[in-house]
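Residue numbers (full-length UniProt numbering): 1 to 522.
Heads up, the thing below is written out as C-alpha cells.
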C-alpha cells in the first residue's frame with residue numbers, strides 16, 4: 001500500500017520540507033480514520049446472475065456468481081438503503097448481503113439502477129439487518145492530494161480491506177460499465193475486484209466517493225464515483241421512482257485551437273468556443289442549434305477553444321459536465337455565434353438515446369425467428385457475444401461502425417441484424433448471410449424489428465423478399481415459411497418464435513438483474 005506522503009514525494013509535487021511534513025501527518029491521520037471507520041455500515045454483496053445470449057436470444061447463458069461491496073446511506077426521503085455499483089447487481093437473479101463481522105446473509109432487492117453512473121440502490125426488508133447500522137454521509141468532491149481511505153471486500157474474501165491513498169485527478173472519464181463519460185475521482189489507493197460498491201472516505205470520515213473501476217495495466221490507478229453523480233442518481237429516484245439518466249445536447253463538436261479556423265468562423269480576438277459539426281436529429285439540440293454554430297458558453301460559463309470549462313477555480317474539465325449536471329426538463333442557456341452574429345438560445349435538457357444501445361441490462365432481447373432466420377436489433381452486447389473481450393476488432397466490422405458512430409434518425413429506429421441462420425431446407429444457401437443487416441422487406445425499409453415482423457406476416461405475395469445491406473437478396477416462400485419456422489422451433493427447443501416490443505419502441509418485457517462482468521470494472 002502506498003501512503004499519501006510516499007505518493008506525493010514520488011510524483012515530485014511538493015518541496016522536501018512539505019514532503020516530510022505530509023509523511024509525518026499521513027500515518028497518524030490514517031490511524032485515526034481506521035479507529036473511527038463505521039465498518040458495520042459496510043456490507044458484502046453476493047449476486048447470482050444469468051445474462052441473455054444475444055446470438056441465441058431465446059435463451060440465457062449459464063448462471064454465475066459474483067459479488068462486491070455496498071454501504072448504508074439514507075435516500076433523499078430519509079429511508080435507509082444500501083448503495084452499490086450497477087455492475088455488481090445488473091441482471092441478477094438473487095442478491096444477498098452480509099454485514100461486516102456477521103455470519104448471516106439477508107436477501108436484498110434492487111429498487112433503482114443506473115448503468116451510466118454505475119450505481120444501484122438496494123432495499124433490505126428485514127428490520128434485523130438494520131439494527132446498529134448507521135447510514136454514511138457524503139462529503140464534497142475532494143481536492144487534489146487529499147487523503148482517501150477505500151474500504152471493501154476485494155478478491156471475494158470475507159474480511160474487510162482498508163487501503164489508503166490520495167486524490168490524483170478529478171475529471172470526466174469513461175465509466176466502463178456503460179461507456180458513459182461522467183465526472184469521476186482518480187485515486188491511487190489499491191482497489192481490486194470486490195472493492196466495487198464500497199466507500200472511499202475523506203479525512204473527515206465522510207464518503208468521498210463509491211469505488212467502481214480500476215486500470216488493470218497501471219499500478220494503483222482507480223476511480224470513485226463522486227457526490228454530484230450520486231446526488232443526480234438519488235434525485236432521479238426521488239422524482240421518478242427510478243433512474244432516468246444523464247442529459248446530453250446531442251451534437252458533435254470540434255475544438256477551435258486553430259487560429260485560421262477561428263478567424264474563418266468570425267470569432268473576435270480573445271473570443272473562445274467550439275464549433276458544431278453535426279446536430280443529431282433526435283436530440284435536445286435538434287431545431288435549435290445548427291451546423292457551423294460556434295458554442296461560446298453554457299449557462300454563462302465560457303467554453304475554451306479546447307472544449308474545456310473552468311471548474312473549482314484552477315481546474316478544467318470537459319464542457320459536457322455542465323449538461324450532465326442538469327435534470328431532465330431543466331432549461332440550458334446557450335451563447336452562440338451564428339454567421340458572425342451573437343445569439344442567446346435555450347434548449348430543454350434531455351437524455352440521448354443511441355442508435356445502437358450500449359447495454360440492455362434487465363431486458364429480454366428482442367428477436368424474430370422466421371423460416372430459420374433469426375433477426376434481432378443490433379445492441380452492443382450482441383457484438384460482445386460475437387467477439388468477446390476484443391469485440392471491436394473481431395465482431396463484424398460494419399456492425400461495429402454502426403454501433404460506434406451511428407445515430408437515430410427517428411424515435412424507435414433500430415438496426416436489424418440477421419444474427420443466425422438455423423439450418424432448414426427453406427433457408428438453404430443463406431447460411432453465410434449472418435451479420436448482415438436488413439435494409440428492405442418487400443421494398444419497404446423497416447423502422448425496427450416489430451415493423452419487420454408486421455411486413456413479413458402481412459405479406460400476401462408468393463414470396464417474402466428481404467434485401468440486405470450488401471445488396472444480397474433473400475426469398476422465402478410464404479406458403480411454407482410457417483411450417484419451416486415450426487420445424488426449427490421444435491429442433492432447437494425455441495418456445496416462442498418472437499419477442500417484440502411495439503413499433504413505437506416501447507413495451508419490451510422486463511427480465512431479472514445481473515452484473516455482466518464488464519472488463520476493467522473493479
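Glycine residues also receive a C-beta, built at the ideal position from the N, C-alpha and C atoms.
* Asked: How big is the Cα-Cα spacing for residue 121 and residue 451?
  -> Residue 121 and residue 451 have their alpha carbons spaced roughly 36 Å apart.
* Asked: Cα separation between residue 104 and residue 191?
  -> So the two alpha carbons sit approximately 26 Å from each other.
* To do: Note down the Cα distance separating residue 525 from residue 267, rounded to an integer number of angstroms.
  => Limits of the chain in this structure are 1 at one end and 522 at the other, which puts residue 525 out of reach.
* Find the nearest neighbour of residue 346 within the set 287, 222, 457, 72, judged by alpha-carbon distance. => If we check each option's Cα against that of residue 346, 287 comes out closest.
* Asked: Which residue spans inside the region 91–122 form an unbroken beta strand (DSSP E) run of at least 3?
  -> Listed in chain order, the beta strand (DSSP E) elements of length 3 or more contained wholly in the region 91–122 are 92–99, 106–114.
* **Pairwise C-alpha distance: residue 203 and residue 26** => Bear in mind that the predicted position of residue 26 carries a pLDDT of just 46, short of 50, making it too unreliable to give a figure here.
* Can you tell me the Cβ-Cβ gap for residue 68 and residue 194, rounded? I've got them flagged as a contact below 8 Å. => Right, their Cβ atoms sit about 6 Å apart.
* Asked: Leaving out the 5 sequence neighbours to the left and right, which residues in its chain are closer than 8 Å to residue 40 when beta-carbon positions are compared?
  -> Correct list, in chain order: 99, 100, 101, 132, 133, 134.
* Pull up the distance between the alpha-carbon of residue 423 and that of residue 488, whole angstroms please. => C-alpha separation (whole angstroms): 8 Å.
* Asked: Rounded to whole angstroms, how far is the Cβ of residue 464 from the Cβ of residue 486, which I believe are closer than 8 Å?
  -> About 16 Å separates the Cβ atoms of residue 464 and residue 486, ruling out a contact at the 8 Å cut-off.
* To do: Evaluate the contact criterion for the region 406–422 versus the region 354–371: three or more CB pairs, one atom per stretch, below 8 Å.
  => At 8 Å Cβ cutoff, the stretches touch.
* Nearest-angstrom beta carbon gap, residue 142 and residue 162 [assumed within contact, 8 Å] -> With 8 Å as the limit, residue 162 and residue 142 do not qualify as a contact, their Cβ atoms being about 17 Å apart.
* To do: Please report how far the alpha carbon of residue 441 lies from the alpha carbon of residue 472, in whole angstroms.
  => Approximately 12 Å, taken between the alpha carbons.
* Asked: What residues match up with residue 199 in a beta bridge as DSSP calls it?
  -> Note: residue 199 sits in a beta bridge opposite 210.
* Asked: Just how far apart, CA to CA, sit residue 227 and residue 199?
  -> The C-alpha of residue 227 lies about 11 Å from the C-alpha of residue 199.
* On the three-state DSSP scale, how would you describe residue 311? -> Strand at residue 311.
* Asked: Is it right to say residue 502 is buried, meaning 16 or more other beta carbons lie within 10 angstroms of its own, or is it exposed?
  -> Residue 502 comes out exposed.
* Beta bridge counterpart(s) of residue 46 as assigned by DSSP -> Residue 46 pairs with 67, 96.
* Please state whether DSSP places residue 369 in a helix, a strand or coil. => Looking at residue 369 - three-state DSSP - the assignment turns out to be strand.
* **Backbone CA spacing between residue 404 and residue 397 [nearest angstrom]** => In a straight line, the C-alpha of residue 404 is about 11 Å away from that of residue 397.
* For residue 384 and residue 395, the rounded distance between their alpha carbons -> Going by the C-alpha atoms only, they are around 8 Å apart.
* Asked: The alpha helix (DSSP H) with residue 485 in it runs from where to where?
  -> Membership of residue 485 in the alpha helix (DSSP H) is indicated by the continuous run 478–492.
* Asked: Closest to residue 210 by CA distance: which of 46, 83, 324 is it?
  -> For residue 210, the nearest C-alpha among the options comes from 83.
* Straight-line Cα distance separating residue 448 from residue 470 -> CA-to-CA, the gap between residue 470 and residue 448 works out to about 19 Å.
* To do: Determine the contact status of residue 212 and residue 85, defining contact as a CB-CB distance below 7 Å.
  => Cβ distance < 7 Å, so residue 212 and residue 85 count as in contact.
* To which residues of the same chain is residue 478 closer than 8 Å at the C-beta, ignoring the five residues directly before and after it? -> Cβ within range, chain order: 459, 460, 461, 462, 463, 464.
* Three or more C-beta pairs closer than 8 Å, one from the region 362–377 and one from the region 50–64: is that the case here? -> Taking 8 Å as the limit for Cβ pairs, the verdict is that the region 50–64 does touch the region 362–377.
* **Sequence ranges, alpha helix (DSSP H) only - wholly within the UniProt domain "PDZ" (250–305), length at least 4** => Whole alpha helix (DSSP H) segments, 4+ residues: 259–264.
* Option nearest residue 303 by Cα separation, candidates 285, 292, 322, 289 -> Ranking 285, 292, 322, 289 by CA distance to the CA of residue 303 puts 322 first.
* To do: With a 10 Å radius around its C-beta and 16 neighbouring C-beta atoms as the bar for buried, classify residue 490 as buried or exposed.
  => Counting the other CB atoms within 10 Å of its CB gives residue 490 a total below 16, which places it among the exposed residues.
* Where does residue 230 sit, in a helix, a strand or coil, going by DSSP? -> For residue 230, the three-state secondary structure derived from DSSP is helix.
* What does a CB cutoff of less than 6 Å around residue 278 pick up in its chain, not counting 5 residues either side in sequence? -> Around residue 278: 252.
* Asked: Near residue 157, what residues of its chain come up, given a Cβ to Cβ distance below 8 Å and the 5 sequence neighbours on each side ignored?
  -> Here the set comprises 194.
* Asked: Between residue 312 and the rest of its own chain, which residues show a CB-CB distance below 7 Å, the 5 nearest in sequence each way excluded?
  -> For residue 312, where only same-chain residues beyond five positions count, there are no Cβ hits under 7 Å.
* Which word fits residue 36, buried or exposed, when buried means at least 16 other C-beta atoms lie within 10 angstroms of its C-beta? -> With a threshold of 16 other beta carbon atoms within 10 Å, residue 36 falls short and is exposed.
* To do: Excluding the 5 residues preceding and the 5 following residue 75 in the sequence, name in chain order all residues of the same chain whose CB lies nearer than 8 Å to its CB.
  => For residue 75, where only same-chain residues beyond five positions count, the Cβ hits under 8 Å are 81, 121, 234, 237, 238.
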